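There are 2 protein chains.
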Amino acid sequence: MSTPQIHLSVQGSRLCERIQALAQVGALKGGGVCRLALTPADKAGRDLVISWMTELGLSVSVDRIGNIMGLRAGHVDAPPVFIGSHIDTVATGGAYDGNLGVLAGLEVLQCLAEAGIETELPIAVAIFTNEEGARFAPDMMGSGVHQGSLDLEEMLAVEGIDGTTVGADLEAIGYAGESPCGSQRASAFIELHVEQGPLLEEEGFMIGAVEGVQGISWTEFLWSGVSNHAGTTPMRLRHDAGYAAADLACFVRDLALDHGGDQVATVGSVQLQPNLVNVIANQARMTVDLRNTDDQVLKRVERQTLEYAKSLADHEGLELETRILARFAPVAFSQRLIGLVEKHATDLGHSVRRMPSGAGHDAQMFAPNCPSTMIFVPSKGGISHNIHEYTAPEEIQAGGDVLLRMVLALAGVRSTG
Amino acid sequence: MSTPQIHLSVQGSRLCERIQALAQVGALKGGGVCRLALTPADKAGRDLVISWMTELGLSVSVDRIGNIMGLRAGHVDAPPVFIGSHIDTVATGGAYDGNLGVLAGLEVLQCLAEAGIETELPIAVAIFTNEEGARFAPDMMGSGVHQGSLDLEEMLAVEGIDGTTVGADLEAIGYAGESPCGSQRASAFIELHVEQGPLLEEEGFMIGAVEGVQGISWTEFLWSGVSNHAGTTPMRLRHDAGYAAADLACFVRDLALDHGGDQVATVGSVQLQPNLVNVIANQARMTVDLRNTDDQVLKRVERQTLEYAKSLADHEGLELETRILARFAPVAFSQRLIGLVEKHATDLGHSVRRMPSGAGHDAQMFAPNCPSTMIFVPSKGGISHNIHEYTAPEEIQAGGDVLLRMVLALAGVRSTG
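Line by line, the protein sequences are chains H and D. In terms of my numbering, the first sequence has 279 at position 277, counting the first letter as 1, and numbering is strictly consecutive. In terms of my numbering, the second sequence has 377 at position 375, counting the first letter as 1, and numbering is strictly consecutive.
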């Protein structure tokens, strides 16, 4: 590698301008963005980014699940280094989630072009279809199909919340492409993303070197007891489903605190029946969301939660039904690439910490098939999936520069000598 | 008092037949009764009971709030002994709640008539308007107006859940009577009622000698925190409104158990926002229902609950707003009358225990103004305000006989010598 790249830097202001320009597409009154996957707004966003890809001289292709790839040639006939993310949003989303990773990829390529730098490996900037899963389940659909973990035909047939299918909507917005997908090879995968959590800001770090994606366990607990009068039923004769829900919520919180580390536990949804001030609930439906980067620990926490719930049901004289809503094993990113993120961030003078991702990302679909990792930059207040999502220009500059160094390291600079 | 009454007994079968006949008015398909106050079904129920009063030769009058009184003359010019309750039901009510007290009163008077027994004091069987409060708030409206604790004109103007007023509906069903109300005197008040709780059945008692009505404290707690991602937000950086609701629910349950005695605590209603499996709740609205027969203890429990909630809000970094939804001081019944219920139940060979009422009843409106108490009989499974409400014929027989003895004791048998 030759020395000139050491002082190379992305133009953060240009990147921020593109982020703001894309955020105008599907902009909500009062702030924020609604660009749900495969809607006319999504089409308009795609059209805009493709126009930028074309300006940069990239070779643009669309595959059968609607993933867009802007390719910059290399000197070696090998699979490209992918810089990928998404531009679909949730219904009340922000400007940064996903969009940052795609537009920073364009900025990196523009920076290389302007500096006259060629690389050994080709570089692809990719936009993956329906990462959010807000209109069509599952999420990370485009990257899943791209890497062969989701079946193309099954995904095209998925019916969404509006009653249409993925395939029909791809046709409708003109993004039912022709490139094959299902076994697309990549030399490496790198995704710059906002943290969507508070850790970097809280601890004063600029860059997160993402070690992997937490395993996710979602279980619904349905407690059934006896509805009775709040005044006439002594405590010892109650079969209070609402109490069991409260007790289990406290248990999983304590369990997460006791485990420490990355373990988190959340009871985000509770419904009592009949939900009246003076009636003991005969039914309580609640969800428990458990996450950990270590699958063995996650399994232990799941087991402890279930055992406690069963003993609570026995003690309170309640029926208990449980239903697994989702279960994903943790994904580990490439130790080599994680180390590279740390190195380049440090070289650039940025504070950096290793951390897991608590949310799912396109990068995890690539992780089993090629060296992959992510770069996190801070989210103000930890807020994401929210119109108030914000990452500061200097943080975007820092993340873009680390991404640039990673791409140069992974794609290899063509010696000009 | 002469000896013959000792062997006098109500005809339980006749009383049960009347209970079943009245339950046909407003009967629900599949069981249960809907005779909401001041509806056509309520009118039909009133008409039926008045026809029985008339058959018994009672002097029937209706007052301005629609209370019905069937009066049997005595030999002394004094206020009557009241046997009272209600015949309105909740939307999915049973055959016994309220109806038992009214129809057992008629049975007692029929029994006296058939035995040729006259009393010193007059005896009134009363049906009080809108005890349930299911269509018009507040509950115990008729007895409250009757005894002057609620204002007649205010109550006539009350608008109900259907948009009509009490006054208009009284006119509509022809029960806007002319008798005055507001300061009606009674020599004593006695109400036979189903327990609506599980204690008598659970402990194997036939009769409850009701010592009073529990004080009631309803408070709404509104917790406001920060909505955040369940995966990306470490436990220590959370401001989880849902957790606070769960913790407080466990606290009040433990507090009630620690206090023991009659203390009960119920969290019957909880709503989380946004109530999603993977989002930490930014808002939790919950109710706490606390009851005790001892107002000092109830006040202490209220204070402890509020102090704990405040410290929890501080600890979790949450905002807390509280709102008092209802607060009624306990009502104590006449020690003399409670003792009489115990004595007569025991004389009749029935097991009896003193107990509080966890629910409100018409009797409490009389308690400040004349010697008052209630007789409880078991509710199967503690179930009430439910189509499955049930009290067995032998329990109705037992309750009717204790009522009969109480009435004879309170009204005084006219010596036939």
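Using N, Cα and C, we set each Cβ at its ideal position, and we do this for glycine too. These numbers come from a predicted model, not from an experiment.
message: Can you list, in chain order, the residues of its chain with a C-beta nearer than 6 Å to that of N371(H)? Leave out the 5 residues immediately preceding and following it.
response: On the first sequence, position 369 is the one that residue 371(H) refers to. For N371(H), where only same-chain residues beyond five positions count, the Cβ hits under 6 Å are Q149.
task: Tell me, please, whether the CB atom of H231(D) is closer than 8 Å to any CB atom in chain A?
output: This model lacks chain A altogether, as its protein chains are H and D.
- request: Within 10 angstroms of the Cβ of I163(H), are there 16 or more other Cβ atoms? Answer buried if so, exposed if not.
  value: Residue 163(H) sits at position 161 when you count from the first residue of the first sequence. Label assigned to I163(H): exposed.
task: Quick one: grab the DSSP three-state call for A190(H).
output: Position 188 of the first sequence, counted from the start, is the residue given in the question as residue 190(H). Here A190(H) sits in strand by DSSP.
field: chain H contacts made by the stretch 175-207 of chain D, where a contact means CB separation under 7 Å
entry: E197, Q198, G199, P200, L201, E204
- request: Only counting runs of 3 or more residues, tell me where the beta strand (DSSP E) segments fall wholly within the stretch 209-261 of chain H, in order along the chain.
  value: 209-215, 217-226, all fully within the stretch 209-261 of chain H.
P358(D) (DSSP reduced to helix, strand or coil): Residue numbering aside, residue 358(D) sits at position 356 when the second sequence is read from its first letter. In this structure, P358(D) counts as strand in the three-state DSSP scheme.
For H195(D), three-class secondary structure by DSSP: Start at 1 with the first residue of the second sequence, and residue 195(D) comes out as number 193. Three-state result, H195(D): strand.
query: Can you tell which of G217(D), V27(D), L40(D), G103(D) has the C-alpha that lies nearest to the C-alpha of E173(D)?
result: Taking the second sequence and counting its residues from 1, one reaches residue 173(D) at position 171. Nearest option by C-alpha distance: L40(D).
field: Contacts of Q216(H) in chain D (Cβ-Cβ under 7 Å)
entry: Reading the first sequence from its first residue, position 214 is the one you call residue 216(H). The contacting residues are G233.
task: Pick helix, strand or coil for D291(H), following the three-state DSSP scheme.
output: The residue labelled residue 291(H) in the question sits at position 289 within the first sequence. DSSP places D291(H) in strand when its eight states are reduced to three.
task: Rounded to whole angstroms, what's the CA-CA distance from R293(H) to Q216(H)? Just pull it up for me.
output: By 1-based counting over the first sequence, the position of residue 293(H) is 291. By 1-based counting over the first sequence, the position of residue 216(H) is 214. For R293(H) and Q216(H), the distance between alpha carbons rounds to 6 Å.
message: Measuring alpha carbon to alpha carbon, tell me which residue in G384(H), G95(H), Q22(H) is nearest E204(H).
response: The count along the first sequence starts at 1 and reaches residue 204(H) at position 202. Nearest C-alpha to E204(H): G384(H).
task: Starting from V110(H), follow the alpha helix (DSSP H) in both directions and report where the run begins and ends.
output: Position 108 of the first sequence, counted from the start, is the residue given in the question as residue 110(H). Residues 101-117.
Test item: CB-CB of I89(H) and V64(H) under 8 Å: Start at 1 with the first residue of the first sequence, and residue 89(H) comes out as number 87. Start at 1 with the first residue of the first sequence, and residue 64(H) comes out as number 62. Cβ distance not < 8 Å, so I89(H) and V64(H) don't count as in contact.
Straight-line gap, L314(D) to A258(H) (C-alpha atoms, nearest Å): As a position in the second sequence, residue 314(D) is number 312, starting the count at 1. As a position in the first sequence, residue 258(H) is number 256, starting the count at 1. Computed Cα separation, rounded: 18 Å.
message: Suppose the cutoff is 6 Å on Cβ atoms and the five residues either side in sequence are ignored; what does the same chain contact list for I326(H) look like?
response: Residue mapping note: residue 326(H) aligns to position 324 of the first sequence, counting from 1. For I326(H), where only same-chain residues beyond five positions count, the Cβ hits under 6 Å are T221.
task: Tell me whether S53(D) is buried or exposed, calling it buried when 16 or more other Cβ atoms sit within 10 Å of its Cβ.
output: Along the second sequence, one-based indexing puts residue 53(D) at 51. S53(D) should be labelled exposed.
query: Within the 8 Å Cβ cut-off, does L259(H) reach chain D?
result: Residue numbering aside, residue 259(H) sits at position 257 when the first sequence is read from its first letter. So yes, L259(H) belongs to the interface.
query: Is it buried or exposed for Q366(H), if we count other Cβ within 10 angstroms and need 16 for buried?
result: Against the first sequence, residue 366(H) aligns to sequence position 364. Burial call: buried.
- prompt: Which word fits P236(H), buried or exposed, when buried means at least 16 other C-beta atoms lie within 10 angstroms of its C-beta?
  reply: Stepping through the first sequence from its first residue, residue 236(H) is reached at position 234. Buried: at least 16 other Cβ atoms inside 10 Å.
message: Tell me the rounded alpha-carbon separation between G214(H) and N230(H).
response: Here residue 214(H) refers to the residue found at position 212 of the first sequence. Here residue 230(H) refers to the residue found at position 228 of the first sequence. Approximately 48 Å, taken between the alpha carbons.
field: I377(D) and L406(D) closer than 8 Å at C-beta
entry: Here residue 377(D) is taken as the residue at index 375 of the second sequence, counted from 1. Here residue 406(D) is taken as the residue at index 404 of the second sequence, counted from 1. Not in contact: I377(D) and L406(D) (Cβ atoms no closer than 8 Å).
- prompt: If G401(H) sits next to V379(H), beta carbons under 8 Å apart, how far is it from one beta carbon to the other, in whole angstroms?
  reply: Here residue 401(H) refers to the residue found at position 399 of the first sequence. Here residue 379(H) refers to the residue found at position 377 of the first sequence. G401(H) to V379(H), Cβ: 4 Å. Contact.
- request: Enumerate in chain order the residues of its own chain whose CB-to-CB distance from K312(D) is below 6 Å, with the five nearest sequence positions on each side excluded.
  value: Translated into positions along the second sequence, residue 312(D) becomes position 310. Hits under 6 Å: none found.
- prompt: Is there at least one Cβ from chain D nearer than 8 Å to P380(H)'s Cβ?
  reply: By 1-based counting over the first sequence, the position of residue 380(H) is 378. False, the Cβ-Cβ gap to chain D never drops below 8 Å.
query: Does DSSP put D264(D) in a helix, a strand or coil?
result: By one-based count along the second sequence, residue 264(D) stands at place 262. Coil, per DSSP.
message: Quick check on this structure: which residue in N277(H), G68(H), Q285(H) has the alpha carbon closest to the alpha carbon of M142(H)?
response: As a position in the first sequence, residue 142(H) is number 140, starting the count at 1. Residue G68(H) is the option with its Cα nearest to M142(H).
Identified DSSP bridge partners for G95(D): Locating residue 95(D) in the second sequence gives position 93, where the first residue counts as 1. DSSP, once it has assigned bridges, lists V35(D) as partnering G95(D).
- request: Could you name the residues that DSSP lists as bridge partners for V333(H)?
  value: For the purposes of this step, residue 333(H) is identified with residue 331 of the first sequence, where counting begins at 1. Per DSSP, V215(H).
query: Is the CB of G401(H) under 8 Å away from at least one CB in chain D?
result: The residue you call residue 401(H) lines up with position 399 of the first sequence. No, because no Cβ of chain D sits closer than 8 Å to the Cβ of G401(H).
- prompt: Once you ignore the five residues that flank V35(H) on each side, which residues in its own chain have a CB closer than 7 Å to its CB?
  reply: Residue mapping note: residue 35(H) aligns to position 33 of the first sequence, counting from 1. Here the set comprises A25, G28, A29, T91, G95, G96, A97.
message: Please identify, using Cβ separations under 7 Å, the residues of the stretch 236-257 of chain H that lie next to chain D, in order along the chain.
response: P236, M237, L239, G244, Y245, A248, D249, A251, C252, R255
Cross-chain neighbours of N101(H) in chain D, by beta carbon under 7 Å: Counting from 1 along the first sequence, the entry for residue 101(H) is found at position 99. Those within 7 Å of N101(H) in chain D number zero; the least Cβ separation is about 18 Å.
CB contact below 8 Å: N132(D) versus chain H: Translated into the one-based positions of the second sequence, residue 132(D) becomes position 130. No, because no Cβ of chain H sits closer than 8 Å to the Cβ of N132(D).
Q366(D), enclosing alpha helix (DSSP H) - first and last residue: For the purposes of this step, residue 366(D) is taken as the residue at position 364 of the second sequence. Counting along the chain, the alpha helix (DSSP H) containing Q366(D) begins and ends at 365-368.
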